[in-house]
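Comments concern the structure below.
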Amino acid sequence: MIDKADAQRAAQEVPNIPRDDDGPVFREPWEAQAFAMTLALHARGLFTWPEWAAALAGEIKRAQAAGDPDTGETYYSHWLAALEKIVAEKGVTTTRDLHRTRDAWDNACDRTPHGQPIVLTAADFSH
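Quick note: the sequence shown uses numbering that gives the first Met the number 0, first residue 0, plus one each step.
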């Protein structure tokens, strides 16, 4: 669960977060999860809000340079890319391990019938 005060503080510190009068808004559950992970890592002192804002701005600029139309629909894709980059830069994990886990999730999703929970197995990491 996202602490409302922490979410509002993040919305004030990080420009352009999609929000309404109550704070940040999310179109998909994964967006809220990426947001919550970022709040938790900030609370643990992994990075400051200015560091985070710079990382996010860098990802958005890269995406725009690659042709992202910047309509707001991809904001949390950039958020997630920035999160992956900053945790690798800070030594929490490696880019290799992030890609390996992403690929394992893709494998698990491919074999899981719609509506069923996705379960990772060791075999998902061996593809």
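All C-beta atoms, glycine included, are put in the ideal place defined by N, C-alpha and C.
(1) Are the beta-carbon atoms belonging to tyrosine 75 and alanine 33 less than 7 angstroms from one another?
(2) Do you know whose CA, among Ser125, His113 and Asp5, lies nearest threonine 37's CA?
(3) Measuring CA to CA, which of Pro112, Leu79 and Lys84 is closest to proline 28?
(4) Compute the beta-carbon to beta-carbon distance between alanine 87 and leucine 97, rounded to the nearest angstrom, for a pair I have assumed lies under 8 angstroms.
(5) Roughly how many whole angstroms lie between the Cα atoms of isoleucine 85 and aspartate 21?
(6) Could you pull the DSSP bridge partners for glycine 22 from this structure?
(7) Suppose you measure from the CA of proline 68 to the CA of aspartate 105; what does that come to, to the nearest Å?
(8) Throw me the rounded Cβ distance for the leucine 45 and lysine 89 pair, which I believe falls under 8 angstroms.
(9) Quick check on serine 125: does DSSP put it in helix, strand or coil?
(10) On the DSSP letters alone, give me the boundaries of the alpha helix (DSSP H) that arginine 43 sits inside.
(11) Considering only the alpha carbon of each residue, which of Ala121, Gly71 and Asp2 lies closest to asparagine 15?
So, from the data block:
(1) Their beta carbons are under 7 angstroms apart, which means tyrosine 75 touches alanine 33 by this criterion.
(2) It is Asp5 whose Cα lies nearest to the Cα of threonine 37.
(3) Among Pro112, Leu79 and Lys84, the Cα nearest to that of proline 28 belongs to Leu79.
(4) Contact check for alanine 87 and leucine 97: beta-carbon distance about 7 angstroms, within the 8 angstroms limit, so the pair qualifies.
(5) Answer to the nearest angstrom: the Cα atoms are 28 angstroms apart.
(6) Looking at the DSSP output, glycine 22 bridges to Asp19.
(7) Their Cα atoms are separated by approximately 26 angstroms.
(8) With a beta-carbon spacing of about 6 angstroms, leucine 45 and lysine 89 fall inside the 8 angstroms limit used to define contacts.
(9) If DSSP states are grouped into helix, strand and coil, serine 125 belongs with coil.
(10) Careful: arginine 43 lies outside any alpha helix (DSSP H) and carries neither H nor E.
(11) For the set Ala121, Gly71 and Asp2, the Cα lying nearest the Cα of asparagine 15 is the one of Gly71.
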